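The structure appears below as structure tokens.
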Ligand SMILES: Nc1ncnc2c1ncn2[C@@H]1O[C@H](COP(=O)(O)OP(=O)(O)OP(=O)(O)O)[C@@H](O)[C@H]1O
Ligand SMILES: Nc1ncnc2c1ncn2[C@@H]1O[C@H](COP(=O)(O)OP(=O)(O)OP(=O)(O)O)[C@@H](O)[C@H]1O
Ligand SMILES: [Mg+2]
Ligand SMILES: [Mg+2]
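Residue numbers (the working numbering), protein chains in the order written: chain A, 1282 to 1595; chain B, 339 to 602; chain C, 8 to 260; chain D, 8 to 260.
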């Protein structure tokens, strides 16, 4: 098969309007930042480079390898793109890839594209680059190991966020979709990790100049490290909890019920909007709260570090 | 090798092929939003939406079942929505108990599940129609006119062009691997999964470097032809009265869909 | 379309066959988009034969070659190394047929030369010492022994081409199939390729646009055009038939 | 390193120059990694000259060509179309020098043939009608007029090559610089390229490994090796000097 749709691309119809628009807004902000960052720091050479790197990611996703029983592993590439090209260029590259997959192949919807870009392009860049950035000064073995962990985590994170979005849209029941999604992607992530590590080792061997410490450092600083670590920690703590013990999740939700107060408002946008299956509305808002807080935290750290840099530049 | 299969554009001379791509993009997006906000169980509106798809299929001379035959790409994802059938809201139809979970399909759940599938199925068909009657370069220009930042549209234009070059390259790499994936009688071949994943990682690394180095060449080619930082184009898209009226007509029809969905 | 069909009988001037290692009978193939790329192909290769496959762009040469180790599967008969080509025999046939693609970049996917040459033997499940021995021998055959630890990415085209040939020699194939091996080489590299092909004591089928090389290396020549074999005979005879060459977009070197 | 250096005087048999369109004086260049790719290059092209640049892989041919419209910048003198090559003149020089890369996939980056051919004229800031007219003329010159609306990625290699040439013809250059234009073409496509090059009434510098084509099309020939020009003279003379050819990895066709 030439083009195998990846299981994370949400088609239209599976997310409701509110969730779709919410993620569109966050995606537009991040992509806007990425555009201003890349066009201010880089020359015209960058545009063909990113275009071809996007084609590379697209093509590399066709690389598969036999696993067992006729199935095969695939490659997603977000973490690799962010590590090699820097997080901002990585975001633009993944955005273009997901846009073309949605437009041309209907692999992922148009209205759901904001969420798809966020899950597979932005989060993977935050985690992939953020974690790798913490160890750029370490030796090769450590760096590759961390890159592998980052690749694995970014896959799992994308799956986690996808399940949450489906659940918040009232499309799936969390206690079913979450373990299923995470379970599958824990395995897919292993393939992703191996391919990312080996590809990085290859690049380092053949063109070490592309992965020089100073070069990676120039792509971004402390903000990414913090964001990468925070997001990763949340995922690491959250996903096993969520997938093995959905009741536990509910308990936490009840304990932290206060969070729901501030976040009820967006759901009133459409009057007849309901979150089905959830007599326990608190749970849905908690999760939305965690996701939202996480995203806001990331954004704040990033914007803060950018502002700081601008100031020191002046 | 030809990866022409990638090109979803279908050659034609219908009025829809000639319609300004901006109109097509905007109407498609409105239609998909319309599907998203139609209430669950608005069967009449869903039916009418499908009629619209069929009519467009017919007008664009693609053959009435063109999108239907291609509309099942999102089907695997339906698995994710199956759990909606067991929604705790609504009346349970039977009572199944699986491993302590009470899993009962409910009437509300079934309606919800059906609506999700219909929405997705209709939206996919709209997207298929869009790319079947619009050349991809025109689509990119439309997004430019709709104020998608030039840097993104330019990246996407490059992506589209090099998609074909690089996927051909991947196909050839895969071929090379297949050609040497041999076995001897009585010996287990293929070693283990990790080794195979590692080989694939090497292929990804190869492909990356070749792509990276090729981008240098292309930048040189652009410089050689006077590129100074921004792309210029001759393709002026001008909205005609026909474009405006067809756009307005579609908009009205989508409003009608919403009305039907909410009254019925 | 008036096609001059040189009858197979003409080939009888070639010394009689010691054993057929490849038999293609009435092979037909169409690509998924409906394009018919092979029509009723009949071809026999005897042990030790060195045969050139020539014809214009798009004639179907690469398509035919891809059938010979089962990457593409058409309708018709195919016997390779005494086995009919089917699902069950496929892995063994891949060990018997060494296929080298036109562009060496398509062939080399590992970081170092050693790993690339070792891929085939490793995949066949040979023990480590055997793999090492085979890699050494194969690299020696193409005079590239001292390149074992080089990165294939940094080699010149001519060097890559030799490595690509070594990757299949290491699998100890009974038949070597090369797709346009001389394209893009400078005259010196081309000359050393010609010498290599002449020296290798192995059955081979080689497609090429380089008719000068064909005349030097291959006693037998097969002309394809539009998916058909339109001539099959002694190179020395066919090269004199200018009408035939011109008809099929070729040119006497 | 004993290098046979053919003196420039040998060239005097070429009819006297009508006006120099290109002068390279003592050009030196090293790549960032320290690899010295050009050493003391001297080269003059007169109006209407058709010159072949030959030499083994890695001789520095492509590197030299990239200097001629300022993509690479070395130490030395460069006069193109009467202007010294510097920052200020660069856009005019790029309009005067049409450079075609070896691999057409590196050259064609726009979605449709029309847009690709129009890219150069548009970036020169020409008005729309002029752009259209130039595209038509250029496509006509390579016999590809009916391909205007095709998508570039659907074309065969030979077709892509012609379009690549059209993209620079549309800029109406005074000098055409082609890097290995015949590599990978089948004999028929190669023949029509030869005819095209012979017909085009324009100064050209063409690198090639295809010495048979060089002999047919180019009266003058420049041999490079290891970054130096080692011979420059009438093709008919140099082709007879087998010692010289062999020394630089070439071979009489
Ligand atoms: N994947 C494909 N899908 C459809 N048609 C194809 C495909 N690959 C090749 N073709 C077509 O099949 C025909 C034979 O192609 P093939 O590559 O075998 O030619 P060839 O003789 O090897 O030519 P060349 O000398 O250019 O290598 C051509 O017309 C080509 O356009
Ligand atoms: N980007 C680069 N960095 C370092 N060295 C380079 C680079 N590009 C080329 N070289 C080296 O410079 C030398 C000249 O290369 P160039 O591409 O000009 O050769 P060429 O004569 O065009 O060869 P060919 O016939 O293979 O095209 C070669 O030794 C090559 O390895
Ligand atoms: Mg071929
Ligand atoms: Mg070159």
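For each residue, glycine too, the CB sits at the ideal point set by N, CA and C.
It should be emphasised that the depicted structure is a prediction, and the values quoted were computed from it without experimental measurement.
Assigned with DSSP and collapsed to three states, residue 174 of chain C falls in helix.
Non-local beta-carbon contacts of residue 158 of chain D in its own chain, meaning distances under 7 Å to residues more than five positions away in sequence, involve 118 and 119 in chain order.
In terms of beta-carbon proximity, residue 404 of chain B stays away from the interface with chain A, with every pair separated by 9 Å or more. No Cβ-Cβ contact shorter than 9 Å links residue 1390 of chain A with residue 471 of chain B. Interface criterion met: the Cβ of residue 1483 of chain A is under 9 Å from a Cβ in chain C. Taken in chain order, the whole beta strand (DSSP E) runs of length 3 or more contained in the stretch 181-233 of chain C are 182-186, 210-214 and 227-232.
For residue 35 of chain C, the enclosing beta strand (DSSP E) stretches over residues 27-37.
In the structure shown, the three-state DSSP call for residue 399 of chain B is coil. The three-state reading of DSSP puts residue 1474 of chain A in helix, counting H, G and I together. At a beta-carbon threshold of 9 Å, none of the residues of chain C lie near residue 530 of chain B; the nearest stands roughly 11 Å away.
Counting the other Cβ atoms within 10 Å of the Cβ of residue 577 of chain B gives fewer than 16, which makes it exposed. Within the stretch 1469-1503 of chain A, contact with chain C at the beta-carbon level (separation under 7 Å) is assigned to 1483, 1486 and 1487. Taking CB atoms only, residue 589 of chain B has no neighbour in chain A less than 9 Å away. Membership of residue 61 of chain D in the beta strand (DSSP E) is indicated by the continuous run 57-61. Rounded to the nearest angstrom, the Cβ distance from residue 1475 of chain A to residue 532 of chain B is 7 Å, consistent with a contact under 8 Å.
Annotation: Cβ neighbours of residue 160 of chain C in chain A (cutoff 9 Å, chain order): 1483, 1486, 1487 and 1488.
The beta carbon of residue 107 of chain D is closer than 6 Å to those of 171, 172, 175 and 185 in its chain, skipping five residues each way along the sequence. The three-state secondary structure of residue 596 of chain B, taken from DSSP, is helix. Under the DSSP assignment, residue 1358 of chain A falls outside any alpha helix (DSSP H); it carries neither an H nor an E label.
Of B:350, B:348, B:347 and B:361, the smallest CA-CA separation from residue 587 of chain B is found for B:361. Within the DSSP bridge table, the entry for residue 119 of chain C names C:158 as partners. Taking 8 Å as the upper bound on Cβ-Cβ separation, chain B lies near residues 158, 159, 160, 161, 174, 175 and 178 of the stretch 157-188 of chain D. Looking only at C:208, C:247 and C:256, the smallest Cα-Cα distance to residue 231 of chain C is reached by C:256. When secondary structure is reduced to three states using DSSP, residue 1486 of chain A falls in the helix class.
Looking from the CA of residue 524 of chain B, the closest CA among C:132, C:250, C:251 and C:210 belongs to C:132.
Ranking D:206, D:78, D:193 and D:204 by CA distance to the CA of residue 217 of chain C puts D:193 first. Rounded to whole angstroms, the Cβ separation of residue 549 of chain B and residue 1333 of chain A is 5 Å, and the two are in contact under 8 Å. Cβ contact annotation for residue 498 of chain B (same chain, cutoff 7 Å, sequence separation greater than five): 474, in chain order.
Exclusion of the five residues before and after residue 226 of chain C leaves 21, 57, 241 and 242 as the residues of its chain whose Cβ lies within less than 7 Å of its Cβ. Note that the stretch 203-221 of chain C touches the stretch 51-68 of chain C; at least 3 beta-carbon pairs, one per stretch, sit closer than 8 Å. With distances taken between CA atoms, residue 237 of chain C lies nearest to C:61 out of C:147, C:144, C:61 and C:28. Within the chosen limit of 8 Å, ligand 3 reaches the beta carbon of residue 68 of chain C through at least one heavy atom. About 5 Å separates the beta carbons of residue 1508 of chain A and residue 1411 of chain A, which is inside the 8 Å limit, making them a contact pair.
At least one heavy atom of ligand 4 falls within 8 Å of the beta-carbon of residue 187 of chain D. Only 118 from the stretch 101-124 of chain C bring a Cβ to less than 7 Å from some Cβ of chain A.
In the DSSP assignment, residue 1424 of chain A falls within the alpha helix (DSSP H) that extends over 1421-1449.
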